Amino acid sequence: MQPRRWQQAWREAVRDPRELLALLGLRELAQDVSDAAAAQFPLRVPRAFVARMRHGDPSDPLLRQVLPLDAEMRPVPGFGLDAVGDGAAKAGQGVIHKYQGRALLVATGSCAVHCRYCFRRHFPYAEETAAAGGWAAALDVIAGDPSIEEVLLSGGDPLSLATPKLAELTDALRAIPHVRRLRIHTRLPIVLPERVDAELTQWLRSLPWPVVVVVHANHANEFDTDVDTAMQALRDAGAVLLNQAVLLRGVNDSADALVALSERGLAAGVLPYYLHQLDRVAGAAHFEVDDATALSLHASLVARQSGYLVPRLVREVAGDASKRALTGVDHGRNRPPVA
Ligand code: SF4
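Rendered as structure tokens:
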């Protein structure tokens with residue numbers, strides 16, 4: 013069978029850091045590339061995403077998210093392999109059950125882009141994906157726990173699976189009466205918008221539950237007209253669109269960048285959901301923004317924007333029953349002024 017257009021674009025991704033730098037007119041940065049970091053977690057970035065990077069700018073916020081650097085190989089106390097306690101929350105092969113009422117499926121280990129700060133960059137995907145074995149472990153966990161009303165597809169990127177594979181799961185989920193919502197966490201509509209094709213939207217339309225698609229963009233420059241078209245197609249298929257971002261030093265750690273991200277997302281029909289403090293995964297320490305700065309940035313967003321454009325500033329803490337709000341706004345404590 014011919015590969016789909018998105019599958020072809022996936023295969024054509026840039027995988028060589030030096031090719032990426034050459035495409036951007038930044039050959040002189042090659043000395044900063046870490047072959048060791050690239051060997052541990054290979055570079056991968058779709059050409060459509062490269063096209064949104066600024067030519068000749070070594071500080072480009074999209075480039076910084078994907079370029080393997082020496083800093084990743086320096087051990088930093090407090091940064092480990094399982095930053096958010098995924099291992100302890102395992103409920104079955106590729107199934108993570110942390111929060112009341114929700115089960116998260118690590119659907120696959122594949123991603124179209126490799127984000128250097130990824131909290132699952134050391135996840136043992138080879139043994140731990142839910143799609144392997146026809147989703148059997150995931151279906152057992154969900155069917156056996158009537159409190160699970162929401163199924164989250166995560167990864168890796170769940171939309172890296174072919175649509176018929178996703179339909180295999182949702183066809184089986186229809187037989188579980190207590191499932192009431194489906195959530196999909198994906199970066200693909202941002203980095204490879206071709207993924208939102210007619211087959212995918214037809215599948216979304218066919219689903220019997222409300223579907224929430226949580227995309228992941230960290231900077232306004234990640235949006236372009238192709239992304240807008242993909243977002244519109246997802247909305248036309250009935251999905252509710254939210255964005256989660258990670259607060260990253262050198263990428264979006266300014267009030268202007270975060271305001272622009274929320275405004276550009278809104279223009280594409282996506283409301284901000286979470287702004288995550290970095291998960292302390294080994295290799296990502298150089299992206300960390302301290303809490304005082306994060307809180308100050310968040311206060312600026314509250315002061316400058318309508319409330320619906322302000323994401324919740326949160327941290328995931330292993331063992332907690334929900335994401336932890338840094339501002340206390342979720343619990344009514346230390347509530348900042350509401351615009
Ligand atoms: S797309 Fe998501 S899961 Fe994949 S590398 Fe990036 S942050 Fe990690």
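Count along the sequence shown from 1, then add 12; that gives the number in the numbering used here.
Positions of the beta carbon are idealized from the N, C-alpha and C atoms, including for glycine.
Keep in mind the model is a prediction, meaning the values are calculated, not measured.
Should residue i be labelled buried (16 or more other beta-carbon atoms within 10 Å of its own) or exposed?
{"i": "Thr-237", "result": "exposed"}
{"i": "Met-65", "result": "buried"}
{"i": "Asp-291", "result": "buried"}
{"i": "Asp-183", "result": "exposed"}
{"i": "Asp-98", "result": "buried"}
{"i": "Asp-302", "result": "exposed"}
{"i": "Asn-346", "result": "Any reading at Asn-346 must be qualified, since the residue scores a pLDDT of 37, below 50, and its modelled position is unreliable; no value is offered."}
{"i": "Gln-289", "result": "buried"}
{"i": "Tyr-320", "result": "exposed"}
{"i": "Ala-304", "result": "exposed"}
{"i": "Arg-276", "result": "buried"}
{"i": "Met-13", "result": "exposed"}
{"i": "Ser-274", "result": "buried"}
{"i": "Trp-22", "result": "buried"}
{"i": "Leu-93", "result": "exposed"}
{"i": "Ala-48", "result": "exposed"}
{"i": "Ala-315", "result": "exposed"}
Going by alpha carbons, who is nearest to residue i out of the options?
{"i": "Leu-35", "options": "Ala-296, Gly-121 and Pro-58", "result": "Pro-58"}
{"i": "Ser-46", "options": "Arg-86, Ala-330, Ala-297 and Ala-95", "result": "Arg-86"}
{"i": "Val-226", "options": "Trp-22, Gly-97, Leu-200 and Arg-27", "result": "Leu-200"}
{"i": "Thr-213", "options": "Leu-178, Leu-287, Trp-22 and Ser-266", "result": "Leu-178"}
{"i": "Val-224", "options": "Gly-281, Thr-305, Ser-266 and Thr-339", "result": "Gly-281"}
{"i": "Gly-167", "options": "Ile-188, His-134, Pro-189 and Thr-120", "result": "Thr-120"}
{"i": "Ile-160", "options": "His-190, Ser-172, Thr-141 and Ala-174", "result": "His-190"}
{"i": "His-134", "options": "Trp-221, Phe-53, Glu-234 and Leu-259", "result": "Phe-53"}
{"i": "Gln-19", "options": "Val-258, Asp-268 and Ser-172", "result": "Ser-172"}
{"i": "Arg-16", "options": "Ala-210, Val-96, Gly-92 and Ala-48", "result": "Ala-210"}
{"i": "Leu-338", "options": "His-298, Leu-259, Leu-194 and Leu-278", "result": "Leu-259"}
{"i": "Ala-232", "options": "Leu-219, Leu-253, Asn-264 and Pro-220", "result": "Asn-264"}
{"i": "Trp-221", "options": "Thr-175, Arg-23, Met-243 and Val-163", "result": "Val-163"}
{"i": "Glu-140", "options": "Gly-106, Gly-92 and Ala-95", "result": "Gly-106"}
{"i": "His-67", "options": "Leu-41, Lys-335 and Ala-144", "result": "Leu-41"}
{"i": "Val-208", "options": "Val-239, Arg-195 and Leu-185", "result": "Val-239"}
{"i": "Pro-170", "options": "Glu-84, Pro-176, Ile-196 and Pro-136", "result": "Ile-196"}
{"i": "Arg-56", "options": "Leu-38, Asp-28, Arg-39 and Ala-83", "result": "Asp-28"}
Quick one: Cα of residue i to Cα of residue j, how far?
{"i": "Gln-43", "j": "Leu-32", "result": "13 Å"}
{"i": "Asp-157", "j": "Gly-113", "result": "9 Å"}
{"i": "Val-341", "j": "Arg-192", "result": "Below a pLDDT of 50, predicted positions are generally treated as unreliable, and Val-341, at 49, falls in that range; no measurement from the model is reported."}
{"i": "Ala-150", "j": "Asn-230", "result": "30 Å"}
{"i": "Ala-351", "j": "Gly-104", "result": "For Ala-351, the predicted structure reports a pLDDT of 41, less than 50, and the residue's modelled location is therefore unreliable. A value from the coordinates is still provided. About 44 Å."}
{"i": "Leu-117", "j": "His-228", "result": "17 Å"}
{"i": "Asp-248", "j": "Asn-255", "result": "17 Å"}
{"i": "Val-26", "j": "Ala-50", "result": "13 Å"}
{"i": "Arg-324", "j": "Thr-198", "result": "19 Å"}
{"i": "Thr-241", "j": "Leu-75", "result": "23 Å"}
{"i": "Arg-132", "j": "Gly-295", "result": "11 Å"}
{"i": "Glu-328", "j": "Leu-270", "result": "20 Å"}
{"i": "Ser-71", "j": "Arg-261", "result": "11 Å"}
{"i": "Pro-284", "j": "Leu-313", "result": "12 Å"}
{"i": "Ala-245", "j": "Pro-73", "result": "27 Å"}
{"i": "Lys-102", "j": "Trp-147", "result": "15 Å"}
{"i": "Asp-332", "j": "Lys-110", "result": "8 Å"}
{"i": "Ala-306", "j": "Glu-300", "result": "10 Å"}
{"i": "Leu-79", "j": "Tyr-129", "result": "11 Å"}
{"i": "Leu-181", "j": "Ser-218", "result": "13 Å"}
{"i": "Ala-12", "j": "Ala-267", "result": "No information on residue 12 is available, as it lies outside the stretch 13 to 351 that the chain covers here."}
{"i": "Ala-297", "j": "Arg-39", "result": "25 Å"}
{"i": "Ala-272", "j": "Glu-206", "result": "24 Å"}
{"i": "Asp-69", "j": "Glu-234", "result": "15 Å"}
{"i": "Arg-30", "j": "Ile-188", "result": "49 Å"}
Could you tell me whether any Cβ in chain C is nearer than 9 Å to the Cβ of residue i?
{"i": "Ala-119", "result": "No chain C is part of this structure, which consists of one protein chain only."}
| field | Segment contact flag, the region 196–213 with the region 119–136, C-beta cutoff 8 Å, min 3 pairs | value | The answer is yes - the region 119–136 touches the region 196–213, with three or more Cβ pairs under 8 Å.
| Complete alpha helix (DSSP H) runs within the region 227–294 (minimum length 4 residues, chain order) | 237–248 and 267–279
| field | Complete alpha helix (DSSP H) runs within the region 31–93 (minimum length 4 residues, chain order) | value | List check, alpha helix (DSSP H) in window: 47–52, 59–62 and 73–78.
| request: Can you check the region 107–161 for any alpha helix (DSSP H) of at least 4 residues that lies completely inside it and give the ranges in chain order? | output: 148–155
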